[in-house]
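Peer 1: Protein chains in written order, with this note's numbering: chain A, 177 to 571; chain B, 177 to 571.
Structure below; questions to follow.
Number of protein chains: 2
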Amino acid sequence: MDRPGGAGTEGLRRDNTAAVLRSLRRRGPSTRVELAKDTGLAKATVGVIVADLQAAGAVAEEGSRPGVRGRPGRPVALRGDDVVALGLELNVDYTSAVVLDLAGQVVLSESRPGGGDTADLLALARDAYAVAVGEGRRLVGATVAVPALVRGDNRTIAWAPNLHLDGAGLADDLAATLADLGAGPAPVVRVSNDANCAAYAESHHGAARGAAHALYLTGTVGIGAGIVQDGELVRGGAGFAGEVGHMPLGDASAVCGCGRHGCWEASVGLHAMLAEVQMLELDTPLRTAEAVAERAATDPGVRAGLERVGRGVGLGIAMLSSVLDPEVVVLGGYFAPLGDLVLDPARRTLDERLASAVQVRPELRLSTLGIRAAALGAAEQSLGPVFSGGLDLTS
Amino acid sequence: MDRPGGAGTEGLRRDNTAAVLRSLRRRGPSTRVELAKDTGLAKATVGVIVADLQAAGAVAEEGSRPGVRGRPGRPVALRGDDVVALGLELNVDYTSAVVLDLAGQVVLSESRPGGGDTADLLALARDAYAVAVGEGRRLVGATVAVPALVRGDNRTIAWAPNLHLDGAGLADDLAATLADLGAGPAPVVRVSNDANCAAYAESHHGAARGAAHALYLTGTVGIGAGIVQDGELVRGGAGFAGEVGHMPLGDASAVCGCGRHGCWEASVGLHAMLAEVQMLELDTPLRTAEAVAERAATDPGVRAGLERVGRGVGLGIAMLSSVLDPEVVVLGGYFAPLGDLVLDPARRTLDERLASAVQVRPELRLSTLGIRAAALGAAEQSLGPVFSGGLDLTS
DNA sequence: TGACATTAGTTCGAGACTCGTACTTAATAG
DNA sequence: CTATTAAGTACGAGTCTCGAACTAATGTCA
């Protein structure tokens, strides 16, 4: 029980097939010779693997690219028509679904207000399946992003402070729902932390694309982080990694909802921000932040308040950078609508607080995926095994 | 250039051989059937692999264990007589060498005072080679631990604030020295950060053995951390992960050597600790801490000072735990001689500051490896490829 | 004491895979 | 129209894993 790849020669084939798929995802359409060079496999081997993938509907040939001497190569590309993955998000005030195909295209993206209910989530899953999976396609996996602490089994929930959830049943319920719908092989169902999912999405599709070491921060009432190191999520011993909202960091006078003093989110969480700008909360964090941004255009007092919040954000990022040294930090949640109003002071504080003159400041960017980040990352996670050799499309 | 294992069937054999070696390391002497069960390979395959390893001198049969029905199994064990790795540490005030054999035994461990000089290090390497490697043995790799920022190539140094080093040459010089000595295949030479090496050692041999998620803290004049997640070191985008000394955390009045205020090491570094207990620095941090510990037995003022330092330590660990969620935190450097004088207040502070009621406090332990931790971890890192399939002993 | 049950390890042939070489195919250059 | 160049395929050799059958070594029980 040691090697994930599988021991025998067919395990070897799975790994090599996955390598070809990864190469196609990273470099786009490629000829067999290009694939052979990129993967290190022999031309002949790539030929066989591509033929298998073609038969499975995972790749297709494109029109050839002429113009050079010699026989023109026939590029092969990932094909999204047959294989998809489903990502869901169950949050406090909304529910989302994203269907992602093998080629990385978003086939469906839907959010519904009023969340927190498992039945709503399953209904959304059924609808998404009907629209975007249906007959011809194969659903390889589904992942539910939840604002909760998920155990190492990737199925059960250890702690969900804001959600009333029967921690054990969610994955099983979804698996049963999907099994009713589909005829083919049962998809792999998993549960995952929402900040981790969003971080994964940003590092694959969004603002941190291409960065192997990224940090995602989401700001709502609380502050959460998702950590990507070497392309993989850092989860910690019990899944608590990234619970940065209660870092003892802010000024000691600020009282946090947890009862302690000086927590980071007591200085930069949504409520602290609203107190700084002396405005009231609207129905969702995003809409609230949009209203604040609008007011900031005319009100210098609001801008000054956001400046103070931004400095607090920068201080926390300095802290996290000292520990993790990310290349990119992506800010999501309520930070996104505020943009440079918060980012600029954060950058300045960060520059003052870098660990050394040699360390480069991580790039601070705004989330580009918005509310569907978590669901998208969940779908991407479900697609993961296809590219890592955990799932064989050709069998 | 994608799959590290190697593509062909001999790469598969390398992976399976490594799996057998890992199983032997983890579970100790095992019969072929036990190995087959543990690795998932077929009995026949394990038989072939063990025969190859035996021929290479990597494993040997032990006396059989009778007493049960049926033919008694013949346990096979890792054999240290033929394969060793060298770990070196080049520090400011000392130089160390450790030779570790394949069975995990320390064959040689030596420290010499007065460090910082490359020539001294090479001389120590030569001596260690002569004593512990010599004729019959094969040196598979050597790693130098340095208090410096090491680039992603694992050979060159990007920044060494306390050391005068020609950053590029160290690895090459050592490789040349070893090539002169040995006849066999040239060992792989690498350079690595000292805190990372120590963390690796503690998680394999020391106080954090068995923990997949561990954090190592070393306290001297500065504070450094080594982070182990899922058994692997976290290095960050540019190798700066774990540079926690300048986390903006302490009270803002404390001025740090870096010129800023509020750095963690300005509150809990060696000099801050000495100021708290009103004592003077001796020749090395360890000896200084021993003197302080001795004085604490009789002087309540010293105990009170250490109490304050311990609270600062606990606060920083609370911070790091929020981000990384380690199972075990190991304290090394000057903290080790002080023991519970620092650990007890740190534990109390940590209990007060945990992110939630659900999160379990990471275990705080003292380093058991002392000054040779870094060199030992360096040796262990050099042995790594043997167990990960990166190096084939049988060819 | 000796046949039997039980477990460990080996032998052997089948099947799967990768690889290098030689060959075929399809385009451009002159 | 021919030479050249490069992509893709066919094929045989080599390596590997696997399951089944077989041999080996020990305890059990009559």
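Where is the CB? At the ideal position from N, CA and C, for every residue including glycine.
With ARG487/A as the anchor, note down where its beta strand (DSSP E) starts and where it stops.
Peer 2: Looking up residue 487/A in the first sequence gives position 311. ARG487/A -> not in any beta strand (DSSP E); alpha helix (DSSP H) instead, spanning 476-500.
Peer 1: Between HIS389/A and chain B, is the shortest Cβ-Cβ distance under 7 Å, so that the two count as touching?
Peer 2: As a working note, residue 389/A is residue 213 in the first sequence. For HIS389/A, the answer is yes, since a Cβ of chain B falls inside 7 Å of its Cβ.
Peer 1: Can you grab the Cα-Cα spacing for the pair VAL420/B / MET495/B, in whole Å?
Peer 2: Taking the second sequence and counting its residues from 1, the one referred to as residue 420/B is at position 244. Taking the second sequence and counting its residues from 1, the one referred to as residue 495/B is at position 319. Each residue's alpha carbon lies about 10 Å from the other.
Peer 1: Show which residues of chain A have a CB atom less than 7 Å away from the CB atom of SER498/B.
Peer 2: Taking the second sequence and counting its residues from 1, the one referred to as residue 498/B is at position 322. GLU419, VAL420, HIS422 and MET423, listed in chain order.
Peer 1: In its own chain, which residues sit with a C-beta less than 6 Å from the C-beta of ASP228/A, not counting the 5 before and 5 after it?
Peer 2: Looking up residue 228/A in the first sequence gives position 52. Contacts found: THR570.
Peer 1: Where DSSP assigns a beta bridge to ILE333/A, which residues make up the other side?
Peer 2: Within the first sequence, numbered from 1, the residue matching residue 333/A stands at position 157. DSSP lists VAL326/A as partners of ILE333/A.
Peer 1: Does DSSP put SER287/A in a helix, in a strand, or in coil?
Peer 2: Translated into positions along the first sequence, residue 287/A becomes position 111. Residue state, collapsed to three classes: strand.
Peer 1: Applying the criterion that 16 or more other CB atoms from any shown protein chain within 10 Å of the CB defines a buried residue, is ALA321/B buried or exposed?
Peer 2: Here residue 321/B corresponds to residue number 145 of the second sequence, with the count starting at 1. Per the 10 Å Cβ criterion, buried.
Peer 1: Taking only beta-carbon atoms, is GLN557/A less than 7 Å away from chain B?
Peer 2: One-based indexing of the first sequence puts residue 557/A at position 381. Not one chain B Cβ lies under 7 Å of GLN557/A.
Peer 1: With C-beta atoms as the reference, is CYS347/B less than 7 Å away from ARG331/B?
Peer 2: Counting from one through the second sequence, the residue named residue 347/B turns up at place 171. Counting from one through the second sequence, the residue named residue 331/B turns up at place 155. Sequence check: residue 347/B is Ala here, not Cys. Yes.
Peer 1: If I measure Cβ to Cβ from ARG302/A and keep anything under 6 Å in the same chain, skipping five residues before and after, which residues do I get?
Peer 2: The count along the first sequence starts at 1 and reaches residue 302/A at position 126. Taken in chain order, the list of residues that qualify is empty.
Peer 1: To which residues does DSSP link GLU311/A through a beta bridge?
Peer 2: For the purposes of this step, residue 311/A is taken as residue 135 along the first sequence, with counting starting at 1. GLU311/A is not bridged to any residue.
Peer 1: So with Cβ pairs under 7 Å, would you call ARG201/B a contact of chain A?
Peer 2: As a first step, residue 201/B is located in the second sequence; it is residue number 25 there, counting from the start. No - not a single Cβ of chain A is within 7 Å of the one on ARG201/B.
Peer 1: Identify every residue that forms a DSSP beta bridge with CYS277/B.
Peer 2: For the purposes of this step, residue 277/B is taken as residue 101 along the second sequence, with counting starting at 1. According to the sequence displayed, residue 277/B carries Asp and not Cys. According to DSSP, which records beta bridges pairwise, ASP277/B is partnered with VAL260/B.
Peer 1: Cβ of LEU409/A less than 7 Å from any chain B Cβ?
Peer 2: Numbered from 1 along the first sequence, position 233 holds the residue referred to as residue 409/A. By this cut-off, LEU409/A is not an interface position.
Peer 1: Out of GLY249/A, LEU276/A, SER379/A and LEU254/A, state which residue places its alpha-carbon closest to the alpha-carbon of ALA261/A.
Peer 2: Counting from one through the first sequence, the residue named residue 261/A turns up at place 85. It is LEU276/A.
Peer 1: Beta carbon of HIS389/B, beta carbon of GLY412/A: below 7 Å?
Peer 2: In the second sequence, residue 389/B corresponds to position 213, counting from 1. In the first sequence, residue 412/A corresponds to position 236, counting from 1. Result yes, Cβ atoms of HIS389/B and GLY412/A sit closer than 7 Å.
Peer 1: Hey, how far is the Cα of LEU188/B from the Cα of THR185/A?
Peer 2: If you number the second sequence from 1, residue 188/B lands on position 12. If you number the first sequence from 1, residue 185/A lands on position 9. If you take the alpha carbons of LEU188/B and THR185/A, they lie about 8 Å apart.
Peer 1: Quick check on this structure: which residue in LEU507/A, ASP356/A, GLY292/A and ALA212/A has the alpha carbon closest to the alpha carbon of GLY395/A?
Peer 2: Position 219 of the first sequence, counted from the first residue, corresponds to residue 395/A. Checking every option, the nearest Cα to that of GLY395/A belongs to LEU507/A.
Peer 1: Residues in the same chain with beta-carbon distance under 6 Å from LEU517/A, minus the five sequence neighbours each way, listed in chain order, please.
Peer 2: Start at 1 with the first residue of the first sequence, and residue 517/A comes out as number 341. So the list reads ALA472 and LEU482, once near-sequence residues are dropped.
Peer 1: Would you say MET177/A lies against chain B (beta-carbon separation less than 7 Å)?
Peer 2: Here residue 177/A corresponds to residue number 1 of the first sequence, with the count starting at 1. With a pLDDT of only 47 at MET177/A, under the threshold of 50, the placement of this residue in the model should not be trusted; the figure read from the coordinates follows. Yes, MET177/A counts as interfacial toward chain B.
Peer 1: Please name the residue, chosen from ALA195/B, SER368/B and VAL226/B, that lies closest to ARG208/B on a Cα-to-Cα basis.
Peer 2: Mapped onto the second sequence, residue 208/B falls at position 32. ARG208/B has its Cα closest to that of VAL226/B, out of ALA195/B, SER368/B and VAL226/B.
Peer 1: Classify GLY400/B as helix, strand or coil using the three-state DSSP reduction.
Peer 2: Here residue 400/B is taken as the residue at index 224 of the second sequence, counted from 1. It is a strand residue.
Peer 1: Are the C-beta of PRO502/B and some C-beta of chain A separated by less than 7 Å?
Peer 2: Along the second sequence, one-based indexing puts residue 502/B at 326. By this cut-off, PRO502/B is an interface position.
Peer 1: To the nearest angstrom, report how far apart ALA638/B and LEU284/B are at their CA atoms.
Peer 2: Past the boundaries of the shown model lies residue 638/B; chain B is included only from 177 to 571, so the question cannot be answered.
Peer 1: Please go through the same chain and pick out, in chain order, the residues whose beta-carbon is closer than 6 Å to the beta-carbon of GLY553/B, but skip the five residues on each side of it.
Peer 2: Taking the first residue of the second sequence as position 1, residue 553/B is located at position 377. CYS373, ALA374, TYR376 and ALA377.
Peer 1: Taking just the CA atoms, how far does LEU458/B sit from ARG523/B?
Peer 2: Numbered from its first residue, the second sequence carries residue 523/B at position 347. Numbered from its first residue, the second sequence carries residue 458/B at position 282. ARG523/B and LEU458/B: Cα-Cα distance of roughly 28 Å.
Peer 1: List, in chain order, every chain A residue whose beta-carbon is nearer than 9 Å to that of LEU526/B.
Peer 2: To locate residue 526/B, count along the second sequence from 1; it is residue 350. Chain A residues near LEU526/B: none, gap ~10 Å exceeds 9 Å.
Peer 1: Quick one: measure Cβ to Cβ for LEU298/B and THR353/B, integer angstroms, because I've assumed they're closer than 8 Å.
Peer 2: Walking along the second sequence from the start, residue 298/B turns up at place 122. Walking along the second sequence from the start, residue 353/B turns up at place 177. The pair is a contact, with the Cβ atoms about 5 Å apart (cut-off 8 Å).
Peer 1: Which residues of the stretch 429-443 of chain B have a Cβ closer than 8 Å to any Cβ of chain A? Give them in chain order.
Peer 2: The residues in question are CYS434 and ARG436.
Peer 1: Can you find a heavy atom of the ligand SAM that lies under 6 Å from the Cβ of GLY280/A?
Peer 2: This structure simply doesn't include the ligand SAM, nor any ligand for that matter.
Peer 1: Give the straight-line distance between the Cα atoms of GLU286/A and GLY560/A, rounded to the nearest whole angstrom.
Peer 2: Looking up residue 286/A in the first sequence gives position 110. Looking up residue 560/A in the first sequence gives position 384. Spanning the two alpha carbons is a distance of roughly 22 Å.
Peer 1: So what's THR570/B in DSSP terms, helix, strand or just coil?
Peer 2: The residue you call residue 570/B lines up with position 394 of the second sequence. Here THR570/B sits in coil by DSSP.
Peer 1: Please report the Cβ distance between SER564/B and ALA220/B, rounded to the nearest whole angstrom; I am assuming they are in contact, meaning their Cβ atoms lie under 8 Å.
Peer 2: Taking the second sequence and counting its residues from 1, one reaches residue 564/B at position 388. Taking the second sequence and counting its residues from 1, one reaches residue 220/B at position 44. With 8 Å as the limit, SER564/B and ALA220/B do not qualify as a contact, their Cβ atoms being about 24 Å apart.
Peer 1: For MET177/A, count neighbouring Cβ atoms within 10 angstroms of its own Cβ and tell me buried if that reaches 16, exposed if not.
Peer 2: As a working note, residue 177/A is residue 1 in the first sequence. Because the pLDDT of MET177/A is 47, which lies under 50, any placement of that residue in the model is unreliable, and the number read from its coordinates should be weighed accordingly. It is exposed - the Cβ of MET177/A has fewer than 16 other Cβ atoms within 10 Å.
Peer 1: In chain order, what are the residue ranges of uninterrupted alpha helix (DSSP H) at least 4 long that sit wholly in the stretch 415-460 of chain B?
Peer 2: DSSP runs (the alpha helix (DSSP H)) wholly in the stretch 415-460 of chain B: 441-444 and 446-453.
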